Amino acid sequence: METIWKGAEVNSGLNARIMKDVEALKARGITPTLAIVRVGERPDDLSYERGAVKRAEALGVAVAKCALPVDVTQEVLLQVIRDINVDSKIHGVLLFRPLPKHLDEALICNTLVPEKDIDGITELSLAGVFAGKPLGFAPCTPSACIEILDHFGVDCTGKKAVVIGRSLVVGKPVAMMLVKKNATVTICHTRTADLPAVCREADILIAAAGKAGMVGADFVRPGQLVIDVGINWNEQEQKLCGDVDFEAVSPIVEAITPVPGGVGTVTTSVLIGHVVEAAKRALA
Numbered sequence: 002m003e004t005i006w007k008g009a010e011v012n013s014g015l016n017a018r019i020m021k022d023v024e025a026l027k028a029r030g031i032t033p034t035l036a037i038v039r040v041g042e043r044p045d046d047l048s049y050e051r052g053a054v055k056r057a058e059a060l061g062v063a064v065a066k067c068a069l070p071v072d073v074t075q076e077v078l079l080q081v082i083r084d085i086n087v088d089s090k091i092h093g094v095l096l097f098r099p100l101p102k103h104l105d106e107a108l109i110c111n112t113l114v115p116e117k118d119i120d121g122i123t124e125l126s127l128a129g130v131f132a133g134k135p136l137g138f139a140p141c142t143p144s145a146c147i148e149i150l151d152h153f154g155v156d157c158t159g160k161k162a163v164v165i166g167r168s169l170v171v172g173k174p175v176a177m178m179l180v181k182k183n184a185t186v187t188i189c190h191t192r193t194a195d196l197p198a199v200c201r202e203a204d205i206l207i208a209a210a211g212k213a214g215m216v217g218a219d220f221v222r223p224g225q226l227v228i229d230v231g232i233n234w235n236e237q238e239q240k241l242c243g244d245v246d247f248e249a250v251s252p253i254v255e256a257i258t259p260v261p262g263g264v265g266t267v268t269t270s271v272l273i274g275h276v277v278e279a280a281k282r283a284l285a
């Protein structure tokens with residue numbers, strides 16, 4: 002019988018740690034503050050923003066919103082980032098992406114100082130992930146994957162981990178974070194030969210391909226731990242689903258995260274946790 006690793010269980014411990022840190026900071030007169038910078042009104046951005054604000058408020062973290070029109074000029078957005086960089090009351094920034102095509106996303110992201118880059122969008126933060134140094138923060142989603150493994154007491158040392166996906170948002174960062182935890186990691190992608198066979202070799206399988214239900218029963222074997230990062234919309238069933246065919250895979254493997262209610266739930270708490278950590282670092 003498989004074990005379903007629910008995000009709510011992971012959050013219970015993570016949120017308790019965050020609230021303890023928030024109380025300690027407030028005792029010193031500091032309120033951890035998240036700035037949310039949004040261009041336009043994409044429904045998925047608005048949905049994530051509501052979730053982030055609700056989680057932040059529940060954990061005692063303040064939120065400063067900056068909503069800009071979809072046709073905002075690059076210079077105006079750059080000035081917003083520069084102002085945040087020098088505002089000592091703001092500790093972390095959530096910048097929604099992708100940005101409209103008339104904006105230079107790389108330039109805008111890298112204008113943010115890494116100390117406030119709580120979602121790993123700057124090149125310096127990513128360099129920190131690969132170098133194993135706290136230059137900024139790792140992206141929140143791969144951090145959530147590691148948080149889940151830690152919560153359920155998984156010792157990655159010596160284990161074979163397979164990551165499906167090679168993006169800088171999830172695939173590559175989570176691979177480096179697994180290497181740091183002494184796993185032996187294989188990164189797979191669209192040109193990997195016999196992908197199901199490679200995945201069956203894994204002790205830990207992380208699916209971050211962005212393709213609904215691509216990981217089927219032929220990708221897995223008994224004893225595996227499966228983390229499904231995918232967030233996809235199933236038009237036929239009118240519901241969210243992951244990259245893993247949950248109904249086919251869950252009876253086979255030892256443990257699996259659901260979608261929704263898995264990695265995404267933990268990601269939001271990780272985001273708030275990074276804001277609090279940034280506030281603590283600012284005191285050092």
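The letter at position 50 of the sequence shown is residue 51 when you use our numbering, and the numbering goes up by one with no holes. Yeah, the Cβ is synthetic: ideal placement off N, Cα and C, and Gly gets one too. The model shown is predicted, which means the values in this text are computed figures rather than measured ones.
Let me know if residue i comes out buried or exposed under the rule of 16 or more other beta-carbons within 10 Å of its beta-carbon.
i	result
Ala145	buried
Leu179	buried
Arg56	buried
Pro33	buried
Gly154	exposed
Mapping the DSSP letters down to three states, classify residue i as helix, strand or coil.
i	result
Cys200	helix
Gly243	coil
Thr258	coil
Ile273	helix
Asn111	helix
Leu206	strand
If distances are taken between C-alpha atoms only, which option among the options comes closest to residue i?
i	options	result
Leu286	Thr258, Ala107, Gly211 and His103	Limits of the chain in this structure are 2 at one end and 285 at the other, which puts residue 286 out of reach.
Leu100	Val245, Cys110 and Phe247	Cys110
Pro70	His103, Ala210 and Glu58	His103
Asp246	Lys7, Phe220 and Thr266	Phe220
Glu202	Ile232, Ile188 and Ala139	Ile188
Pro259	Thr269, Asn233, Asp229 and Thr193	Asp229
Ile207	Ala59, Ile149 and Asp195	Ile149
Gly243	Ala213, Ser270 and Met177	Ala213
Ala162	Ser168, Gly172 and Phe153	Gly172
Ala59	Asp88, Ser270 and Trp234	Ser270
Let me see if you follow: with CB-CB separation under 8 Å, is residue i close to chain B or not?
i	result
Ala176	Absent from the structure is chain B; it holds one protein chain and no more.
Cβ contact (3+ pairs, closer than 8 Å) linking the segment 63 to 82 and the segment 33 to 44: Judged by pairs of C-beta atoms under 8 Å, the segment 63 to 82 touches the segment 33 to 44, as three or more such pairs exist.
Spell out a yes or no on whether the segment 44 to 62 and the segment 71 to 89 are touching, meaning 3 or more CB-CB pairs, one atom from each, closer than 8 Å. The segment 44 to 62 vs the segment 71 to 89: no contact.
Within the segment 2 to 57, ranges of the alpha helix (DSSP H) (whole runs, at least 4 residues): For the alpha helix (DSSP H) assignment, the uninterrupted runs of no fewer than 4 residues enclosed by the segment 2 to 57 are, from N- to C-terminal side, 8 to 28.
Meets three-Cβ-pair contact criterion under 8 Å: the segment 129 to 143 and the segment 271 to 283: As far as the Cβ criterion goes, the segment 129 to 143 touches the segment 271 to 283, which means the pair count is three or higher.
Between the segment 217 to 234 and the segment 248 to 268, are three or more C-beta pairs nearer than 8 Å? Taking a contact to require three or more Cβ pairs closer than 8 Å, the segment 217 to 234 and the segment 248 to 268 qualify as touching.
Does the segment 10 to 25 touch the segment 235 to 243, meaning 3 or more C-beta pairs lie closer than 8 Å? Touching, no, given that fewer than three Cβ pairs across the two stretches are closer than 8 Å.
Could you tell me which whole beta strand (DSSP E) segments of length 3 or greater appear in the segment 55 to 101? Segments of the beta strand (DSSP E) lying fully in the segment 55 to 101: 63 to 69 and 93 to 96.
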